[in-house]
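Here is the structure we will look at.
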Amino acid sequence: MKSWVVDQPGPVDDGPLVRIDRAVPEAGPGEVRVRVRTCGVCRTDLHLAEGDLAPRHPLVAPGHEVVGVVDQLGPGSTRWHVGDRLGVPWLAHTCGICRFCVSGRENLCVAPRFTGWDLDGGYAPYTVVDEAYAYALPEEFDDVEAAPLLCAGIIGYRALQRANLPDGGRLGIYGFGGSAHLTAQIALAHGARVHVMTRSREAQQLALELGAASAGEADAPPPEPLDSAILFAPVGSLVPPALAALDRGGTLAIAGIYLSDVPALNYEQHLFEERTVRSVTANTRRDGEEFLAEAARIRMRVSAVAYPMERADAALRDLRHDRVNGAAVLVA
Ligand SMILES: [Zn+2]
Ligand SMILES: [Zn+2]
């Protein structure tokens with residue numbers, strides 16, 4: 003099969019992603035093989051291709067928002083049937099025995115494995131997944147719409163929990179791409195007033211269409227103090243303005259796996275009055291189940307731009323240069 007892999011990590015315009023021939027993988031014990039129908043393009047794929055995230059092994063196939071159909075059951079696999087549609091997410095495996103796994107915090111597992119980083123992902127015709135980590139997908143979403151839910155959606159959902167938004171509260175969202183436009187809809191469905199800060203005019207427009215109360219420049223102060231903020235842009239220099247925008251007792255959650263350096267903070271301006279800054283690390287399977295149910299319940303609108311699988315490199319370049327409004331999705 004033809005699979006995209008990360009060859010030499012580097013600037014995405016220099017072609018770090020190449021397409022190679024490799025054998026179709028076989029499902030091992032407890033695994034299923036999935037014929038890929040669509041695969042979302044996550045910013046993490048870009049960080050991997052560009053070397054912001056160190057590769058866990060050479061020639062890894064990216065892609066951890068995979069929608070596909072089970073086409074082979076590994077020995078002992080019982081959860082799925084051949085022909086089932088399922089989703090393959092970022093969290094591929096946890097140890098199940100560390101202090102985090104046994105206390106309901108498997109997102110902090112000390113020995114996790116991730117799809118498209120440790121294990122080959124969905125930028126390929128086939129991938130395999132541990133049956134216990136795949137998701138059933140709500141029928142409300144077609145294959146293109148469902149893909150971004152699997153990381154952008156789930157991680158955004160966790161970020162929203164981490165941001166401690168009170169019911170009816172004021173939420174600031176910094177950066178408005180694949181993850182943010184989904185997360186905003188959950189907050190809005192719970193009565194929040196949402197303010198979006200992004201440099202992209204198209205993203206500002208999308209935010210307003212979805213019901214945001216305001217949309218302005220990336221580092222501009224929102225029109226009112228915030229109870230909570232989520233930083234989706236991987237831009238550390240936005241941490242101080244986001245903290246400054248918080249009301250007393252407010253919380254900033256940083257959603258990304260990668261962030262450029264945070265500049266010096268001023269205690270009085272950015273932290274005093276019990277403002278809190280928190281990171282978000284992966285997700286639990288429970289986060290994923292809760293999010294997918296919620297997405298179906300609120301009939302979440304997914305803004306997706308489809309690319310043929312052969313153009314995965316172009317999709318990554320477009321993501322890098324802010325030319326994707328919403329989420330890019332590869333179609334096999
Ligand atoms: Zn563990
Ligand atoms: Zn992701």
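Residue numbers (my numbering): 3 to 334.
The C-beta atom is built at its ideal place from N, Cα and C for all residues, glycine as well.
Item to check | Check whether alanine 215 and tyrosine 176 have beta carbons under 7 Å apart | outcome: no
Checklist entry - Relative to the C-alpha of glutamate 312, which residue among Asp9, Ile157, Val20 and Asp16 is closest? => result Val20
Item to check | Segment contact, 8 Å Cβ cut-off, at least three pairs: the segment 173-190 with the segment 301-319 | outcome: yes
Checklist entry - Helix, strand or coil: which one does DSSP assign to phenylalanine 116? => result strand
Checklist entry - Contact check, valine 72 vs histidine 83 under 8 Å by CB: the rounded distance? => result 7 Å
Item to check | Alpha-carbon to alpha-carbon, glutamine 271 and leucine 136 | outcome: At residue 136 the sequence reads alanine, which differs from the leucine that was named. Approximately 44 Å, taken between the alpha carbons.
Checklist entry - For the alpha helix (DSSP H) that contains leucine 48, what are its first and last residues? => result 45-52
Checklist entry - Do the segment 141-153 and the segment 53-63 make contact, defined as three or more Cβ pairs closer than 8 Å? => result no
Checklist entry - Should the segment 268-282 be regarded as contacting the segment 243-256, the criterion being three or more beta carbon pairs within less than 8 Å? => result yes
Item to check | Residue of Asp263, Pro140, Thr40 and Leu151 minimising C-alpha distance to threonine 129 | outcome: Thr40
Checklist entry - Between Pro242, Ala255 and Pro265, which lies nearest to leucine 273 when the distance is taken from Cα to Cα? => result Pro242
Checklist entry - Straight-line CA distance for glycine 32 to valine 196? => result 43 Å
Checklist entry - If you compare alpha carbons, which of Val34, Leu93, Cys100 and Val68 is closest to glycine 78? => result Val34
Next on the checklist: Please classify proline 60 as buried or exposed, where buried requires at least 16 neighbouring CB atoms within 10 angstroms.
Outcome noted: exposed
Item to check | Contact check, glycine 118 vs proline 64, beta carbons under 7 Å | outcome: yes
Next on the checklist: Closer than 6 Å to a non-hydrogen atom of ligand 2 - does that hold for the CB of cysteine 103?
Outcome noted: no
Item to check | Segment limits, beta strand (DSSP E) that includes serine 181 | outcome: Counting along the chain, serine 181 falls outside any beta strand (DSSP E), though it belongs to the alpha helix (DSSP H) covering 180-191.
Next on the checklist: So, at 6 Å on beta carbons, what are the nonlocal neighbours of aspartate 320 in its own chain, with the 5 sequence-adjacent residues on each side left out?
Outcome noted: Val326
Item to check | Meets three-Cβ-pair contact criterion under 8 Å: the segment 102-109 and the segment 42-50 | outcome: no
Next on the checklist: For glutamate 226, which residues in the same chain have their Cβ closer than 7 Å to its Cβ, ignoring the five residues on either side in sequence?
Outcome noted: Arg172
Checklist entry - Given that a residue counts as buried once 16 or more other Cβ atoms are within 10 Å of its Cβ, and exposed if not, what is valine 104? => result exposed
Checklist entry - By the 10 Å Cβ neighbour count, where 16 or more other Cβ atoms means buried, how is proline 57 classified, buried or exposed? => result buried
Next on the checklist: For ligand 2, I want to know if tryptophan 92 counts as a neighbour, meaning its beta carbon is within less than 6 Å of at least one of the ligand's heavy atoms.
Outcome noted: yes
Item to check | 7 Å Cβ shell around arginine 164 - same chain, five flanking residues per side excluded | outcome: Ala255, Arg280 and Val282
Checklist entry - Just how far apart, CA to CA, sit arginine 160 and asparagine 166? => result 10 Å
Checklist entry - DSSP state of tyrosine 128, grouped into three classes? => result strand
Item to check | Between the CA atoms of methionine 3 and glutamate 133 - distance to the nearest angstrom | outcome: 22 Å
Next on the checklist: Tell me the rounded alpha-carbon separation between leucine 75 and leucine 208.
Outcome noted: 41 Å
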